[in-house]
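**Student:** Please read through the structure below; I'll follow up with questions.
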Ligand SMILES: Cc1cc2nc3c(=O)[nH]c(=O)nc-3n(C[C@H](O)[C@H](O)[C@H](O)COP(=O)(O)OP(=O)(O)OC[C@H]3O[C@@H](n4cnc5c(N)ncnc54)[C@H](O)[C@@H]3O)c2cc1C
């Protein structure tokens, strides 16, 4: 029975989840504010003992309606939509806590290669891409800030090309049919057509290809990130550098109709450890958003998620962990021309152009057995030499002469269960919402994910795209939301 309830999405605590329905949580505590000001004035009055309060301006606020853990692209997008959709200006206080403001150690957003495509096999992912492309097309209507330069995403509308072998051709074709129904302009190409359109390609082993003729390509991830960051600050969102290390929760026991005992938890306070200090500040809050990227599994654990008996909902972990991925950038004057799309080959190797100067970038996800040690961000150049380059040459013979110019590594926010995102509330920790686990496609979907999470928080339901297939419950129910291919 409990499983059935989860499947229907009617988990305990889901009703009346929207912020609007809760009373009192989002009005400013005026009494406390007034008494605070009175106290400050009083202690400055003649005859009163000098009692200037300590300077606490370096601390995060002691209260915030929403605390977002993680200031990457998804955390910022959730913050943006919460402020955009709030019922009146200033109604919701939003605090984003980010442990590393340099974004050099733990963030997935910085190392991303900026690809956007609609060629997914899960319809909601196609809908997210459609939503994103409209957002990106009108970026300055969304992110412009008075007196600041306009956001330039440097979008390259070169399309994406997916190649399939005989074995995968039927799946590719049925995916394209679904994508077209969702409004994507994707065409199928035979090896002959491929050769005509892209004369630099060797079609050996390719039975069928799909090509996005519109709304696909790549953009500058950092420009989107910077634009969002500037915008949310202008909307009153507080960005704070610190690490979330602990949650203070209250629990209540509940029995389901099938007699299963479950413990519902609510987070009341989030402990924010001050950067380069042992000090921490408890922040009282009503809602917590787990947008901690590759580290969101660890953050979920802090709230007790996955810490029950194996096989129970309480014992079900958030299966998101860091997986190291390399990107190599190479120069090849003999390489494919300006009309080159982002190519995803049969074996998982991908590449695209970078700028106009005969530069390209690309890589490949390792197999489970080849997964590199994620405790550092060192680049394994042999991986490119042995696992990527031979495939590149096979597909594009002119890449034989390429010279590697640079390389970097970054973390996928990798969902080990089905490599798809996790969106919406946790069924037992009732005020923790997820925006995580998108593995290799979180950047392009960030506008739609942010909106979906904000709708769930504010309205208690998804309004724009039904993201219920992305609920946490699927891990417990063991129902995979598998993508045909992730880059
Ligand atoms: C090499 C590479 C290529 C990619 N290419 C693409 C692509 O072409 N297209 C695409 O759509 N996507 C791509 N992605 C995936 C995409 O970059 C990610 O899905 C997306 O950036 C995830 O955003 P995020 O905000 O969830 O994560 P992040 O940017 O990692 O943000 C999470 C933040 O949480 C912070 N944090 C963690 N724990 C705590 C804590 N306890 N307290 C405070 N802060 C905390 C971290 O410091 C981090 O900055 C790529 C990723 C990589 C690595």
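Residue numbers (the UniProt record's numbering): 1 to 487.
All C-beta atoms in this analysis are idealised placements derived from N, C-alpha and C, irrespective of residue type, glycine included.
Here the structure is a predicted model, which is why all the values come from computation and not from measurement.
Considering only heavy atoms of ligand 1, does any lie closer than 6 Å to the CB of residue 109?
**Tutor:** Under cutoff, so the answer is yes.
**Student:** Let me check you understand the geometry: is the CB of residue 330 closer than 6 Å to at least one non-hydrogen atom of ligand 1?
**Tutor:** no
**Student:** Report yes or no: do three or more beta-carbon pairs, one from the region 336-347 and one from the region 391-401, lie closer than 8 Å?
**Tutor:** yes
**Student:** Kindly indicate which three-state DSSP category residue 446 falls into: helix, strand or coil?
**Tutor:** helix
**Student:** Would you tell me roughly how many angstroms separate the C-alpha atoms of residue 222 and residue 259, rounded to the nearest one?
**Tutor:** 50 Å
**Student:** Considering Cα atoms alone, identify which of 271, 352, 256 and 366 is closest to residue 312.
**Tutor:** Ranking the options by Cα distance to residue 312, first place goes to 256.
**Student:** Looking at residue 349: is its Cβ nearer than 7 Å to the Cβ of residue 391?
**Tutor:** yes
**Student:** Apply the 10 Å Cβ neighbour rule to residue 33 and answer buried if 16 or more other Cβ atoms are within range, or exposed otherwise.
**Tutor:** exposed
**Student:** Between the region 71-83 and the region 442-455, do three or more beta carbon pairs fall short of 8 Å?
**Tutor:** Short answer: they touch.
**Student:** Using alpha carbons as the reference points, say which of 253, 332, 463 and 381 lies closest to residue 360.
**Tutor:** 332
**Student:** Measuring only the C-alpha atoms, how far is residue 125 from residue 118?
**Tutor:** 8 Å
**Student:** Work out the CA separation of residue 174 and residue 346 for me, nearest whole Å.
**Tutor:** 17 Å
**Student:** Within a Cβ cutoff of 7 Å, which residues of the same chain sit near residue 148, ignoring the five residues on either side of it in sequence?
**Tutor:** 230
**Student:** Nearer than 6 Å: is that true of the beta carbon of residue 380 relative to any heavy atom of ligand 1?
**Tutor:** no
**Student:** Within 6 Å: the Cβ of residue 413 and any heavy atom of ligand 1?
**Tutor:** yes
**Student:** To which residues of the same chain is residue 159 closer than 7 Å at the C-beta, ignoring the five residues directly before and after it?
**Tutor:** 211, 212, 213, 216, 217 and 341
**Student:** What three-state label does DSSP hand residue 188 in the structure shown?
**Tutor:** Here residue 188 sits in strand by DSSP.
**Student:** Let me check one thing: in DSSP terms, what residues is residue 413 bridge-paired to?
**Tutor:** 322 and 439
**Student:** Output needed for residue 164: all residues of its chain with C-beta closer than 8 Å, excluding positions within five of it in sequence on either side, in chain order.
**Tutor:** 171, 172, 206, 207, 208, 209, 210 and 346
**Student:** Name the DSSP beta bridge partners of residue 342, please?
**Tutor:** 160
**Student:** Assign residue 24 to one of two classes, buried (16 or more other C-beta atoms within 10 Å of its C-beta) or exposed (fewer than that).
**Tutor:** Annotation note: pLDDT 36 at residue 24 (below 50); position unreliable, coordinate value reported separately. Exposed, by the Cβ-count rule.
**Student:** Give the range of the alpha helix (DSSP H) segment to which residue 176 is assigned.
**Tutor:** 169-181
**Student:** For residue 362 and residue 325, I'd like the C-alpha separation in whole angstroms.
**Tutor:** Distance between the alpha carbons of residue 362 and residue 325: 11 Å.
**Student:** Less than 6 Å separating the Cβ of residue 220 from some heavy atom of ligand 1?
**Tutor:** no
**Student:** Would you mind reading off the limits of the beta strand (DSSP E) that contains residue 472?
**Tutor:** Secondary structure note for residue 472: it is in no beta strand (DSSP E), with a DSSP letter that is neither H nor E.
**Student:** Taking the alpha-carbon positions, what's the residue 196 to residue 357 distance?
**Tutor:** Each residue's Cα considered, the two are about 24 Å apart.
**Student:** Using DSSP bridges, identify the partner residues of residue 259.
**Tutor:** Per DSSP, residue 259 has no beta bridge partner at all.
**Student:** Could you say if the region 371-378 and the region 279-289 meet the contact criterion of at least three C-beta pairs nearer than 8 Å?
**Tutor:** Look at the beta carbons and you see the region 371-378 not touching the region 279-289: under three pairs across the two are nearer than 8 Å.
**Student:** Cα-Cα, which of 99, 233, 424 and 379 is closest to residue 145?
**Tutor:** Among 99, 233, 424 and 379, the Cα nearest to that of residue 145 belongs to 233.
**Student:** Leaving out five residues before and five after residue 438 in sequence, what residues of the same chain have Cβ atoms less than 8 Å from its Cβ?
**Tutor:** 74, 413, 415, 420, 421, 445 and 449
**Student:** Could you check the C-alpha separation between residue 328 and residue 63 for me, to the nearest Å?
**Tutor:** 44 Å
**Student:** Which runs of the alpha helix (DSSP H) at least 4 residues long sit entirely within the region 196-277? Give them in chain order.
**Tutor:** 221-234
**Student:** At a cut of 8 Å, does the region 82-102 reach the region 238-245 through at least three beta carbon pairs?
**Tutor:** yes
**Student:** Pull up the distance between the alpha-carbon of residue 272 and that of residue 279, whole angstroms please.
**Tutor:** 9 Å
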